[in-house]
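In our numbering, the protein residues as written are 4 to 564. Reading through the structure tokens given below for one structure.
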Amino acid sequence: MQWLIDLFTSTDSVAHIVLLYAVVIAVGVYLGKIKIFGISLGVTFVLFAGILAGHIHFTAPTTVLNFCQDFGLILFVFMIGLQVGPGFFESFKRDGVTLNGLASVTILLNILVMFACYFIFFETSDKSTLPMMIGTLYGAVTNTPGLGAATEALNTVFDQAPQIASGYACAYPLGVTGIILATIAVRYISRSKLKDEEEKLSSEEADNPHAKPHMMHLRVSNAYLAGRSLLQISQFLNRDFVCSRYLHNGEVSIPNRDTIFEIDDELLVVCAEADAEPIKAFIGPEIDSEWNVKLEQQPMVSRRIVITNPSINGKTMGKMHFSSVYGVNVTRITRHGIDLFASRNIHFHIGDRILVVGPEDHVNRVADIMGNSVKRLNAPNIATIFVGIMVGIIFGSLPIAIPGMPVPMKLGLAGGPLIIAILIGRFGYRVKLVTYTTTSANMMLREIGLVLFLASVGIKAGAGFWDTIISGDGLKYVYTGFLITVIPILIIGPIAKLVYKFNYFMVMGMLAGTYTAPPALAYANQVCSREAPGVGYSTVYPLSMFLRILTAQILVLFFCG
Numbered sequence: 004m005q006w007l008i009d010l011f012t013s014t015d016s017v018a019h020i021v022l023l024y025a026v027v028i029a030v031g032v033y034l035g036k037i038k039i040f041g042i043s044l045g046v047t048f049v050l051f052a053g054i055l056a057g058h059i060h061f062t063a064p065t066t067v068l069n070f071c072q073d074f075g076l077i078l079f080v081f082m083i084g085l086q087v088g089p090g091f092f093e094s095f096k097r098d099g100v101t102l103n104g105l106a107s108v109t110i111l112l113n114i115l116v117m118f119a120c121y122f123i124f125f126e127t128s129d130k131s132t133l134p135m136m137i138g139t140l141y142g143a144v145t146n147t148p149g150l151g152a153a154t155e156a157l158n159t160v161f162d163q164a165p166q167i168a169s170g171y172a173c174a175y176p177l178g179v180t181g182i183i184l185a186t187i188a189v190r191y192i193s194r195s196k197l198k199d200e201e202e203k204l205s206s207e208e209a210d211n212p213h214a215k216p217h218m219m220h221l222r223v224s225n226a227y228l229a230g231r232s233l234l235q236i237s238q239f240l241n242r243d244f245v246c247s248r249y250l251h252n253g254e255v256s257i258p259n260r261d262t263i264f265e266i267d268d269e270l271l272v273v274c275a276e277a278d279a280e281p282i283k284a285f286i287g288p289e290i291d292s293e294w295n296v297k298l299e300q301q302p303m304v305s306r307r308i309v310i311t312n313p314s315i316n317g318k319t320m321g322k323m324h325f326s327s328v329y330g331v332n333v334t335r336i337t338r339h340g341i342d343l344f345a346s347r348n349i350h351f352h353i354g355d356r357i358l359v360v361g362p363e364d365h366v367n368r369v370a371d372i373m374g375n376s377v378k379r380l381n382a383p384n385i386a387t388i389f390v391g392i393m394v395g396i397i398f399g400s401l402p403i404a405i406p407g408m409p410v411p412m413k414l415g416l417a418g419g420p421l422i423i424a425i426l427i428g429r430f431g432y433r434v435k436l437v438t439y440t441t442t443s444a445n446m447m448l449r450e451i452g453l454v455l456f457l458a459s460v461g462i463k464a465g466a467g468f469w470d471t472i473i474s475g476d477g478l479k480y481v482y483t484g485f486l487i488t489v490i491p492i493l494i495i496g497p498i499a500k501l502v503y504k505f506n507y508f509m510v511m512g513m514l515a516g517t518y519t520a521p522p523a524l525a526y527a528n529q530v531c532s533r534e535a536p537g538v539g540y541s542t543v544y545p546l547s548m549f550l551r552i553l554t555a556q557i558l559v560l561f562f563c564g
């Protein structure tokens, strides 16, 4: 049995190191699935499994732990950047500006509450206390990438950096529950009733004239339109409408972008209810017609179409002219499992799934143009991933001299790859970098990076974790973390609801996205049958993730140097 003992104790062997990570990750993932009051810690439990392994001296060489930690962090944040990149800039539109502003203020309040707790409850003369509070901050807001960014920045400031994962581990469990509890408290503070809020969402959708299709039969009477093509008319009118059939010289046909109209032609037009009157005023009066009645009975179909045609990558929906040229409407865009608003300015990316509604022959034509070939997506674009990581590491290593800072600031192994991934995800198509990976592939790479990082951090922190909890300030990290979690929510939540008049479910999604907390979003989706929580979450998530990682490094470099 000596061979088995050596396998678990010989820290220099490859078999031992692989076994260590396999045990820690497997145990952590399985334990993380256990739900208490409907809430689980998920993959983050790998950190606690690593701490236990480190505490019983089931460990590996420090150089190996450091490599796995840093490589896991790079892979994790880069895949996050690719996911949020396409929607990062689109989120700053309409109500998105206000929601992202509220999210940014919430992040600032988290930091201010952290400093308040630091000066009130802790001995500030100890240089290791503030780094531990930063770890507590990122446990309280359940943001693992921020922990990684802070840990990496601490390595540039200290010869032997404090193991701030202990503070993170202390605050994380109550952080998960605290977000949900505080969100529930916002409901009572703002006197919101779930039934009333859901009825408001239904009413808003019903009253939205742009969401209601309107069909009408028009006779061309505007002399300006004589000899003009459908494309010219659509561009001049600058309103979305579908001309699905037209009658010319007694013959009914399907128009295309080059179809020329003449006076007294009859058109079957579908448009948003709000656009009906302007379109009638421009084209001509509405009339009754027998062929119009027959066409109204033609079935409309809806189909999800996958964008696989490289020539579509990067084009905006407005430039595709779906309604005026192809005779269909795009009602929804799904990217990496997140539903996005189908606005005219949103850019298409390989792998996007669009919901197309219209006559079957028109939908089939759009499917051919967009690609709709799932086989093309089976091969991952792995070269783009590693090209991006290479550029991100170089970018993150650039020194930025800032007056008052002991060392030049660097975006580091977290910030550099994250920013480059966001830029590649949004603009990569311009330099022929196709960044698409399936949602499952993206999640797999992210989870591999995350568990490598968490396992490494936990194993390294395990040796001193027990002392931190029992004889150190572990209990303080627990309750100060809870304060960091709930106080900003109790301030910003009511403001968003009462001052800015956002629907409560939208506020729930916004708060979940600000804390990058999927369990909080899952709870919001349980109590709401509509998509408002998901919209709020996806609107603020990209900026929030970016700010969490960036502020982690700023806090360390400015205040811990």
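Just so you know, even glycine gets a beta-carbon here, dropped at the ideal spot from N, CA and C. Keep in mind it's a predicted model, so treat the numbers as computed, not measured.
Per the coordinates, the alpha-carbon of Gln86 lies some 9 Å from the alpha-carbon of Pro545.
Between Leu270 and Pro281, the CB-CB gap reaches or exceeds 9 Å. Taking a contact as a CB-CB distance under 8 Å, the pair Val27 and Gly53 counts as one, their CB atoms being some 5 Å apart. With distances taken between CA atoms, Gly287 lies nearest to Ile266 out of Val304, Ser305, Phe549, Ile266.
Here DSSP, grouped into helix, strand and coil, assigns Val333 to strand.
Taking the CA atoms as reference points, Gly516 sits about 45 Å from Arg248. Rounded to whole angstroms, the gap between the alpha carbons of Leu453 and Asn146 is 12 Å.
Shown here, Tyr503 sits in coil according to DSSP, grouped into three states, outside any helix or strand.
Listed in chain order, the non-local C-beta contacts of Gly415 below 7 Å within the same chain comprise Ala152, Glu155, Ala156, Gly399, Gln556, local neighbours out to five positions each way being set aside. CA-CA distance, Val366 to Lys318, rounds to 19 Å. Looking at Val369, Pro420, Val108, the one whose alpha-carbon comes closest to that of Ile388 is Pro420. Judged by DSSP secondary structure, Leu358 falls outside any alpha helix (DSSP H) and instead within the beta strand (DSSP E) spanning 356-362.
Per DSSP, the unbroken beta strand (DSSP E) holding Glu254 starts and ends at 254-256. DSSP, read as helix, strand or coil, puts Leu493 in helix.
Three or more Cβ pairs closer than 8 Å define a contact, and the stretch 55-66 falls short of that threshold against the stretch 489-496. In the three-state reduction of the DSSP assignment, Cys71 falls in the helix class, which pools H, G and I.
Remark: fewer than three beta-carbon pairs, one from each stretch, lie closer than 8 Å, so the stretch 390-399 and the stretch 352-371 are not flagged as touching.
A straight line joining the alpha-carbon of Glu450 with that of Arg222 spans about 59 Å. Each residue's CA atom was taken as its position, placing Tyr171 and Met136 some 8 Å apart. Residues Arg306, Ile308, Val359 of the same chain have their beta carbon placed closer than 8 Å to that of Ala370, with the five preceding and five following residues left out of the count. For Cys274, the closest of Val331, Ala106, Ser547, Gln163 by C-alpha to C-alpha distance is Val331. Looking at the DSSP output, Cys246 sits in a beta bridge with Val272.
Taking the CA atoms as reference points, Gly230 sits about 14 Å from Phe239. With a contact defined as Cβ atoms closer than 8 Å, Ser131 and Pro165 qualify at about 5 Å. By alpha-carbon distance to Asn375, the top candidate from Gly99, Thr262, Thr311, Glu276 is Thr311. Of the other Cβ atoms in all chains shown, 16 or more fall within 10 Å of the Cβ of Ala417; this residue is therefore buried. Scanning its chain for C-beta atoms nearer than 6 Å, with the 5 sequence neighbours on each side dropped, one finds around Cys71 the residues Leu455, Ser459, in chain order.
Looking at the backbone, the Cα of Lys203 and that of Ser128 are separated by about 53 Å.
Val502 counts as exposed, since fewer than 16 other beta carbons sit within 10 angstroms of its beta carbon. By the beta-carbon neighbour count (other beta carbons within 10 angstroms, threshold 16), Tyr121 is buried. Val309 is bridged by DSSP to Arg356.
Under the three-state reduction of DSSP, His350 is assigned to strand.
A check of alpha carbon separations from Phe325 across Met303, Ile353, Gly361, Val304 identifies Gly361 as the nearest.
In this structure, the alpha-carbon of Val80 lies about 8 Å from that of Ala424.
Rounded to whole angstroms, the Cβ separation of Arg260 and Leu234 is 4 Å, and the two are in contact under 8 Å. For Phe398, the enclosing alpha helix (DSSP H) covers residues 385-399.
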